[in-house]
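Every number in our numbering is 46 more than the matching position in the sequence shown, counting from 1.
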Amino acid sequence: MFGKLKEKLKRSLSIFSKKAQEEAEEKPEEIDKKPIEKSETEDLEEIDTEEIKEEVKEKLKEEPKVDKEEKKKHKEEKVDKIKEVKEKVEKKETPVTESEKETITKKKPERKEISKEEKPIKEKEPVKKEEKTTKIEEKEKTEEQPKEKKSFFGKIKESLTTKTISAEKFDNLFWDLELALLENNVSVEVIERIKDDLKEELVNKPLPRDVPKKIEETLKNTLTEILSFKKIDIIEKIKEKEGTFVIAFFGINGTGKTTSIAKLTNHLQQQGFSVVLAACDTFRAAAIQQLEEHAEKLNVKIIKQDYGSDAAAVAFDAIKYAEKNKVDVVLIDTAGRLHSNTNLMEELKKIIRVTKPDMKIFVGESITGNDCIEQARRFNDLVEMDGTILTKVDVDDKGGAPLSISYTIKKPILFLGVGQGYKDLEEFDAKIVLERLGF
47 MFGKLKEKLK
57 RSLSIFSKKA
67 QEEAEEKPEE
77 IDKKPIEKSE
87 TEDLEEIDTE
97 EIKEEVKEKL
107 KEEPKVDKEE
117 KKKHKEEKVD
127 KIKEVKEKVE
137 KKETPVTESE
147 KETITKKKPE
157 RKEISKEEKP
167 IKEKEPVKKE
177 EKTTKIEEKE
187 KTEEQPKEKK
197 SFFGKIKESL
207 TTKTISAEKF
217 DNLFWDLELA
227 LLENNVSVEV
237 IERIKDDLKE
247 ELVNKPLPRD
257 VPKKIEETLK
267 NTLTEILSFK
277 KIDIIEKIKE
287 KEGTFVIAFF
297 GINGTGKTTS
307 IAKLTNHLQQ
317 QGFSVVLAAC
327 DTFRAAAIQQ
337 LEEHAEKLNV
347 KIIKQDYGSD
357 AAAVAFDAIK
367 YAEKNKVDVV
377 LIDTAGRLHS
387 NTNLMEELKK
397 IIRVTKPDMK
407 IFVGESITGN
417 DCIEQARRFN
427 DLVEMDGTIL
437 TKVDVDDKGG
447 APLSISYTIK
457 KPILFLGVGQ
467 GYKDLEEFDA
477 KIVLERLGF
């Protein structure tokens, strides 16, 4: 069941994930929409150490150099002058001037070699009040600046280089997956929904590390929503109804409509309900005999007339019999018809007007795929259905119909036919279908 779809989905999703990673473009993640100041951009520039070395050399060239010879000469002159003054004092030849006293008493200056990196210090000029305030403000700014730099570089550290896919690239990548879905009878509406959901998760957004897992999760969520229509519990509805509960079945020839009626009869009997069958397919040869055989095997009453009789009249008689004999459920088997057959479609409308069924069920063949979906759409447009039964699901490798029919007509799948026996009627469960598809 769903074997081909499962394999193709797995293979297509793997290719899609791989190509998505290969085609993704690197894109720096936006950190802050606030424009970056000039000072911040300067901090980010790479520093050229060689260039700085050259600048230092130039600075040293410009600095004044002290001539060693001149320094030595100046020192000798000073020593000679001190000796001369001392001699005068000792001999008391001439009075010592104040300037000479200062020369003698003055402490010898400490030797300090001027380094090449030091610059001549200028005398500080008196600072005015206004200039003082501006300098304080500048100092506060310089103190705050390192904090700004720190937070900025912190943001840079936290930023990640991400990969994204553009909408155009996504459309190209999705094409292979779209073909795989179409080949397995998935309807166009469902494919568009899958595409929209994947696009919303992947396009122009940072791709996660595990791209295949993200794609699989998105697809699983989409299919779960598509399959999860409000379930109709037939058993509960029959219990709630006072009197006879009437169910009418519709569909084209060969879909397994009569067999499905027999299977549902068995299912209702297992729940303790009594059933009567209405053989309203008076158009197709051997249709009445086929239903009679099922009625005999299941030990239920069948109401019938000759071929060519009014199908609405047969249905009416069956309901009257059920009401008189307090039978719980009437199941009406109608003639298989194409939506293009005007006369048979008018007869269908007449049956509905006469019987006023409590539930209308469309029976479709799962293996016919998109044909089944189109039939359900047309029948639903003509006579609003309450739900569907899909037959021959056990031999349906593609699985497109179960994924598509509910989403197309916005009605739930009630049962799946999974074999020829009376017990081979499975209540529809979205989780089981997803498990069979590998999710």
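For each residue, glycine too, the CB sits at the ideal point set by N, CA and C.
* For Tyr353, count neighbouring C-beta atoms within 10 Å of its own C-beta (all shown protein chains included) and say buried if the count is 16 or more, exposed if not. => As a first step, residue 353 must be located in the sequence shown, where it is residue number 307. Looking at its Cβ environment, which holds fewer than 16 other Cβ atoms inside 10 Å, Tyr353 is exposed.
* Between the Cα of Phe275 and the Cα atoms of Ile61, Val234 and Asp432, which residue gives the shortest distance? -> In the sequence shown, residue 275 corresponds to position 229, counting from 1. The option with the nearest alpha carbon to Phe275 is Asp432.
* Report the option in Lys260, Ser60 and Lys469 whose CA atom is closest to the CA atom of Gln315. => Here the question's residue 315 lines up with position 269 in the sequence shown. Residue Lys469 is the option with its Cα nearest to Gln315.
* To do: Could you tell me which of Phe362, Ile281 and Leu483 sits nearest to Phe461, measuring between CA atoms?
  => What you label residue 461 is simply residue 415 of the sequence shown in a count that begins at 1. Measuring from the Cα of Phe461, the nearest candidate turns out to be Ile281.
* Between Gln316 and chain B, is there a C-beta pair that is closer than 9 Å? -> Absence of chain B from the displayed structure is noted, only one protein chain being present.
* To do: Would you tell me roughly how many angstroms separate the C-alpha atoms of Lys438 and Gly467, rounded to the nearest one?
  => Position 392 of the sequence shown, counting from 1, holds the residue named residue 438. Position 421 of the sequence shown, counting from 1, holds the residue named residue 467. Their Cα atoms are separated by approximately 12 Å.
* DSSP bridge partner residues for Met431 (one or two, in chain order) -> By one-based count along the sequence shown, residue 431 stands at place 385. Per DSSP, none; premise fails for Met431.
* Asked: For Ala381, which of helix, strand or coil comes out of DSSP?
  -> By 1-based counting over the sequence shown, the position of residue 381 is 335. Looking at Ala381 - three-state DSSP - the assignment turns out to be coil, as it is neither helix nor strand.
* Asked: Is it buried or exposed for Glu163, if we count other Cβ within 10 angstroms and need 16 for buried?
  -> For the purposes of this step, residue 163 is taken as residue 117 along the sequence shown, with counting starting at 1. Confidence is the limiting factor: at Glu163 the pLDDT is only 47, short of 50, which leaves the residue's position unreliable, though a coordinate-based value still follows. It is exposed - the Cβ of Glu163 has fewer than 16 other Cβ atoms within 10 Å.
* To do: Answer yes or no: do Val375 and Val322 have a C-beta to C-beta separation smaller than 9 Å?
  => As a first step, residue 375 must be located in the sequence shown, where it is residue number 329. As a first step, residue 322 must be located in the sequence shown, where it is residue number 276. Yes. Within cutoff.
* **CB-CB length for Phe295 against Ile307, believed under 8 Å** => Within the sequence shown, numbered from 1, the residue matching residue 295 stands at position 249. Within the sequence shown, numbered from 1, the residue matching residue 307 stands at position 261. That pair is a contact at about 6 Å.
* In chain order, each beta strand (DSSP E) run of at least 3 residues that lies wholly inside the region 302–381 -> 321–326, 347–349 and 375–380
* How do the region 231–238 and the region 413–426 stand: do at least 3 beta-carbon pairs fall below 8 Å, yes or no? -> yes
* To do: Taking only the alpha-carbon atoms, compute the straight-line gap between Asn299 and Thr388 and give it to the nearest angstrom.
  => As a working mapping, residue 299 is identified with position 253 in the sequence shown. As a working mapping, residue 388 is identified with position 342 in the sequence shown. Each residue's alpha carbon lies about 16 Å from the other.
* Is it the case that the Cβ atoms of Leu428 and Ile451 are separated by a distance below 9 Å? -> Working through the sequence shown from its first residue, we reach residue 428 at position 382. Working through the sequence shown from its first residue, we reach residue 451 at position 405. In this structure, Ile451 does not lie closer than 9 Å to Leu428 by Cβ.
* Asked: What does DSSP give as the partner residues of Leu436 in its beta bridges?
  -> One-based indexing of the sequence shown puts residue 436 at position 390. Answer is Gly410 and Leu462, bridged to Leu436.
* Asked: If you run the structure through DSSP and keep just helix, strand and coil, what is Thr388?
  -> For this step, residue 388 is matched to residue 342 along the sequence shown. DSSP places Thr388 in helix when its eight states are reduced to three.
* To do: Check the DSSP bridge columns for Val292 and list the partner residues they point to.
  => Mapped onto the sequence shown, residue 292 falls at position 246. For Val292, which the question treats as bridged, DSSP gives the partners Val376.
* Cα-Cα separation between Thr268 and Glu262, rounded to whole angstroms -> Taking the first residue of the sequence shown as 1, we reach residue 268 at position 222. Taking the first residue of the sequence shown as 1, we reach residue 262 at position 216. Near 10 Å, if we compare the C-alpha coordinates of Glu262 and Thr268.
* Expressed to the nearest angstrom, what Euclidean distance is found between the alpha-carbon atoms of Phe362 and Glu235? -> Translated into positions along the sequence shown, residue 362 becomes position 316. Translated into positions along the sequence shown, residue 235 becomes position 189. Using only the alpha carbons, I get a separation of about 39 Å.
* **Same chain only: Cβ atoms within 7 Å of Glu473, ignoring 5 sequence neighbours per side** => The residue given as residue 473 occupies position 427 in the sequence shown. So the qualifying residues of the chain are Phe461.
* What separation, rounded to the nearest whole angstrom, lies between the Cα atoms of Ile378 and Arg57? -> Position 332 of the sequence shown, counted from the first residue, corresponds to residue 378. Position 11 of the sequence shown, counted from the first residue, corresponds to residue 57. Near 44 Å, if we compare the C-alpha coordinates of Arg57 and Ile378.
* Cβ atoms of Pro458 and Ile240: under 9 Å apart, would you say? -> Within the sequence shown, residue 240 is the residue found at index 194, counting from 1. Within the sequence shown, residue 458 is the residue found at index 412, counting from 1. No, the Cβ-Cβ distance between Ile240 and Pro458 is not below 9 Å.
* Rounded C-alpha distance that separates Thr328 from Val360 -> The residue labelled residue 328 in the question sits at position 282 within the sequence shown. The residue labelled residue 360 in the question sits at position 314 within the sequence shown. Those two C-alpha atoms are separated by around 9 Å.
* **C-beta contact flag for Leu248 and Phe216 at 9 Å** => Taking the first residue of the sequence shown as 1, we reach residue 248 at position 202. Taking the first residue of the sequence shown as 1, we reach residue 216 at position 170. Yes, they are a contact pair.
* Within 9 Å, strictly: CB atoms of Leu273 and Pro403 -> Translated into the one-based positions of the sequence shown, residue 273 becomes position 227. Translated into the one-based positions of the sequence shown, residue 403 becomes position 357. No, the Cβ-Cβ distance between Leu273 and Pro403 is not below 9 Å.
* **Identified DSSP bridge partners for Ile280** => On the sequence shown, residue 280 is found 234 positions in, with the first residue counted as 1. Beta-bridge pairing links Ile280 to no other residue.
* Span of the alpha helix (DSSP H), counted from its first residue to its last, around Leu223 -> By 1-based counting over the sequence shown, the position of residue 223 is 177. Looking at the DSSP string, the run of the alpha helix (DSSP H) that includes Leu223 is Ala213 to Glu229.
* To do: Could you give the DSSP three-state label for Leu273: helix, strand or coil?
  => By one-based count along the sequence shown, residue 273 stands at place 227. Leu273: helix per DSSP, three-state reduction.
* Is Leu253 closer than 9 Å to Ile211 when the C-beta atoms are compared? -> On the sequence shown, position 165 is the one that residue 211 refers to. On the sequence shown, position 207 is the one that residue 253 refers to. Taking 9 Å as the Cβ cut-off, Ile211 and Leu253 qualify as a contacting pair.
* Helix or strand or just coil, what does DSSP make of Val257? -> Numbered from 1 along the sequence shown, position 211 holds the residue referred to as residue 257. Helix at Val257.
* Going by beta carbon distance, what residues of the same chain come within less than 8 Å of Phe485, once the five residues before and after it are set aside? -> Residue mapping note: residue 485 aligns to position 439 of the sequence shown, counting from 1. If we look at Phe485 and ignore the five residues flanking it on each side, its Cβ neighbours are Glu262, Leu265, Lys266 and Leu269.
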